[in-house]
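Numbering (my numbering), first residue to last: 206 to 429.
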Ligand code: PRP
């Protein structure tokens, strides 16, 4: 699904035109370099400037499209949006505002990456649900499906709580690193095997606040 190439190699997308990413100063445009402030080159930026893979306007158009699809599919039924912390906090916040349904937002904290760039393979719950989801329609919201281990684990965990239904929405999918196959009901973009940060995604807890999704080059990755 979602297989029309965007204007940057390495990204497959849905109905996003290259015009969507246009901005007068280049900030947020795929291929541009931006600082955390969003300006293309900021000499006092506290973080290095990074290459943009998916610009903020392209992301926002996709989130709106996903919201419309979800609202159409659930057709007025109440929905529990289950935000998987920490990575999906920005995506879930934006997505929630694009879904015109009676919506409850819940949070589930998990981690599998620690401070490394590769998954440890062991998924840990860092914060459990505070309310039951039995008999609810649940939409699990992830920022990225990489090996698939986290989503696979979470789908089993959520299903065991006996919701009326459970579906998965992910902004990004990196199929090249897949270890567990999971069906993604609502997918934003398929990306190549870049380590990406920004829009909620981190490396060693940093970069989540970047407004665009950027490529972290290997020179900035220091795994122990
Ligand atoms: C990231 C991301 C997903 C998971 C995907 O979480 O938010 O939950 O990894 O990877 P996988 O498909 O290989 O399992 P992470 O463990 O880095 O924690 P975070 O969300 O707090 O950044």
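We treat Cβ as the ideally placed atom computed from N, Cα and C, and that holds for glycine.
For clarity, every value in this text was computed on a predicted model and none was experimentally measured.
For the pair of segments examined, the stretch 367-386 was found not to touch the stretch 420-427: the number of CB pairs separated by less than 8 Å stays below three. The stretch 281-295 and the stretch 331-342 touch, with no fewer than 3 CB-CB distances between them shorter than 8 Å.
For residue 265, DSSP assigns no beta-bridge partner whatsoever.
In the displayed model, residue 381 falls within a helix according to three-state DSSP.
If you check the CB distance, residue 264 and residue 404 come in under 8 Å. Minimum Cα-Cα distance from residue 384 among the listed residues 314, 295 and 354 corresponds to 354.
In this structure, residue 347 has its CB closer than 7 Å to one or more heavy atoms of the ligand PRP. Apart from sequence neighbours up to five positions away, the residues of its chain that approach residue 370 with a beta-carbon distance below 6 Å are 342, ordered along the chain. Counting along the chain, residue 338 sits inside no beta strand (DSSP E), nor does DSSP assign it H or E at all.
At a Cβ-Cβ threshold of 8 Å, residue 360 and residue 328 do not count as neighbours.
At least one heavy atom of the ligand PRP lies less than 7 Å from the C-beta of residue 356. When 401, 367 and 234 are compared, the shortest CA-CA separation from residue 262 is found for 234. Taking all protein chains shown into account, residue 426 has fewer than 16 neighbouring C-beta atoms within 10 Å of its C-beta and is therefore exposed. By the Cβ neighbour-count rule, residue 339 is exposed, with fewer than 16 other Cβ atoms within 10 Å of its own. Bounds of any beta strand (DSSP E) do not take in residue 362; it lies within the alpha helix (DSSP H) bounded by 354-364.
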